[in-house]
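A short worksheet on the structure shown next.
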Amino acid sequence: MPLFWRVCLINGAVFLVGTLVLALSPATVSSRPLWSEVLVLFVGLVVIVVLNGLLLRSVLRPLDRLTTLMAEIDLRQPGLRLEQGGAGPAEALVQGFNAMLERLEVERTTSRARVLNAQEAERRRIAQELHDEVGQSLTAVLLGLKQAIDIAPHDVVEELEQVRETTRASLEEVRRISQRLRPGVLDDLGLLDSVSSLASDLTARSGVPVRRGFLPGLPHLPPETELVVYRVAQEALTNVARHARATEALVGLTRRGDTLVLRVADDGVGGADPSRGAGIQGMQERAQMVDGRLEVRRREGGGTEVVLEVPVPAESA
Numbered sequence: 001m002p003l004f005w006r007v008c009l010i011n012g013a014v015f016l017v018g019t020l021v022l023a024l025s026p027a028t029v030s031s032r033p034l035w036s037e038v039l040v041l042f043v044g045l046v047v048i049v050v051l052n053g054l055l056l057r058s059v060l061r062p063l064d065r066l067t068t069l070m071a072e073i074d075l076r077q078p079g080l081r082l083e084q085g086g087a088g089p090a091e092a093l094v095q096g097f098n099a100m101l102e103r104l105e106v107e108r109t110t111s112r113a114r115v116l117n118a119q120e121a122e123r124r125r126i127a128q129e130l131h132d133e134v135g136q137s138l139t140a141v142l143l144g145l146k147q148a149i150d151i152a153p154h155d156v157v158e159e160l161e162q163v164r165e166t167t168r169a170s171l172e173e174v175r176r177i178s179q180r181l182r183p184g185v186l187d188d189l190g191l192l193d194s195v196s197s198l199a200s201d202l203t204a205r206s207g208v209p210v211r212r213g214f215l216p217g218l219p220h221l222p223p224e225t226e227l228v229v230y231r232v233a234q235e236a237l238t239n240v241a242r243h244a245r246a247t248e249a250l251v252g253l254t255r256r257g258d259t260l261v262l263r264v265a266d267d268g269v270g271g272a273d274p275s276r277g278a279g280i281q282g283m284q285e286r287a288q289m290v291d292g293r294l295e296v297r298r299r300e301g302g303g304t305e306v307v308l309e310v311p312v313p314a315e316s317a
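If you read the sequence shown in UniProt numbering, its first letter stands for residue 1, the second for the next number, and so on.
Next up, the structure:
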């Protein structure tokens with residue numbers, strides 16, 4: 001039955017009971033009501049209103065809880081549901097709302113996975129083009145410059161050498177960009193050496209020393225989980241180089257029971273806000289793809305700490 005008719009029936013039942021009580025009781029009202037009669041009528045009216053309010057409150061209370069929950073919903077933090085209980089007419093609405101949240105979260109996770117997979121495919125394509133086309137073109141330029149230096153007059157050799165060094169530096173930068181876009185080291189070296197390579201690259205680019213804390217016996221992970229761990233470590237170390245103004249950083253991979261834990265910390269200025277920045281939101285979305293949990297927090301004594309926890313598959317555990 002629609003909620004409107006249920007409310008009407010409740011009100012009608014309450015008024016009917018009140019009318020029957022007045023009609024069947026010995027109470028009467030004089031042509032000029034006495035104060036005692038007015039008091040009886042007033043008490044009866046209060047009882048009717050209170051009883052009607054209690055009945056309607058039990059029916060409509062889930063709507064108030066639903067309104068409060070709707071203001072707190074954030075699909076970036078899934079799992080929030082409205083508690084179900086009772087058999088009032090609003091419970092069907094609560095169940096429907098929870099089911100809608102479930103569908104939205106599943107669809108968001110699925111679409112996010114498709115988007116991230118498309119991004120990885122596009123990165124691989126761009127990396128391949130940089131390696132095959134730009135890299136080969138710069139290599140050809142280096143060979144041409146070497147031949148030109150061999151036959152060039154002595155007064156222009158020094159300038160050609162400077163051009164060759166610039167070209168060589170550009171070729172190395174193209175290779176580094178290609179490696180960052182396509183983590184082929186995951187297939188060649190594995191997760192530990194790949195993350196260690198990221199740490200070495202940070203030190204080479206920014207001069208910030210990175211301490212490593214890798215425990216032996218880490219489990220074998222599915223390729224998509226390894227990619228998520230690698231990308232989160234890459235983004236966290238990139239943030240250290242860009243924003244932290246740190247003098248030292250730490251990257252660690254450990255295992256706690258059936259959970260793999262990645263930790264990236266620095267002693268910089270801190271102040272990372274998890275609710276802002278596409279980089280942090282991207283890390284959170286990647287973590288949710290593999291049922292992981294990401295936390296960005298301040299370190300005691302200064303700095304920022306990024307902690308990623310991902311479940312270990314049962315066969316690996």
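All C-beta atoms, glycine included, are put in the ideal place defined by N, C-alpha and C.
Asked, Found
"From 181, 97, 161, 147, residue whose alpha carbon lies closest to that of residue 129", "181"
"Alpha helix (DSSP H) runs contained entirely in the stretch 171–243, provided each spans 4 or more residues", "185–189, 191–206, 223–239"
"Three-state secondary structure assigned by DSSP to residue 296", "strand"
"Among 71, 173, 245, 18, the one whose alpha carbon lies nearest that of residue 207", "245"
"CB contact flag (residue 250, residue 296, <8 Å)", "no"
"Burial state of residue 111 (16 or more Cβ within 10 Å)", "exposed"
"Nearest neighbour of residue 302, chosen from 118, 100, 269 [CA to CA]", "269"
"Nearest residue (CA-CA) to residue 11, options 53, 67, 200, 42", "53"
"Start-end ranges of the beta strand (DSSP E) lying completely within the stretch 80–158, minimum 3 residues", "none"
"Spatial distance of residue 153 from residue 137 (CA atoms)", "25 Å"
"Rounded C-alpha distance that separates residue 102 from residue 119", "26 Å"
"Neighbourhood of residue 248 by C-beta, 8 Å cutoff - its chain only, sequence neighbours within 5 removed", "208, 209, 210, 211, 266, 267"
"Residue 252 and residue 214 closer than 8 Å at C-beta", "yes"
"Per-residue DSSP class, three states only, for residue 257", "coil"
"Beta-carbon spacing of residue 310, residue 282 below 8 Å", "no"
"Buried versus exposed call for residue 308 [16 or more other C-beta atoms within 10 Å across all chains shown]", "buried"
"Element boundaries [beta strand (DSSP E), containing residue 311]", "304–311"
"Distance between residue 289 and residue 98 (C-alpha atoms, nearest Å)", "21 Å"
"Coarse secondary structure for residue 263, derived from DSSP in three states", "strand"
"Helix, strand or coil at residue 46 [DSSP, three-state]", "helix"
"Where residue 283 sits in the DSSP three-state scheme", "helix"
"For residue 194 and residue 216, the rounded distance between their alpha carbons", "15 Å"
"Spatial distance of residue 105 from residue 126 (CA atoms)", "31 Å"
"Same chain, Cβ closer than 7 Å to residue 225, five either side skipped, listed in chain order", "290, 310"
"Cβ-based neighbour list, residue 221, same chain, cut-off 8 Å, excluding 5 preceding and 5 following", "191, 229, 260, 310, 312, 313, 316"
"Residue 287 classed as buried or exposed, judged by whether at least 16 other C-beta atoms fall within 10 angstroms", "buried"
"Where residue 301 sits in the DSSP three-state scheme", "coil"
"Residues near residue 201 by beta carbon distance below 6 Å, same chain, minus five either side", "none"
"Cβ pair residue 219, residue 256 closer than 8 Å", "no"
"Span separating the alpha-carbon of residue 242 from that of residue 155", "41 Å"
"Bridge partner(s) assigned by DSSP for residue 252", "213, 263"
"Contact under 8 Å by Cβ, residue 134 with residue 163", "no"
"Proximity below 8 Å, CB of residue 56 to CB of residue 93", "no"
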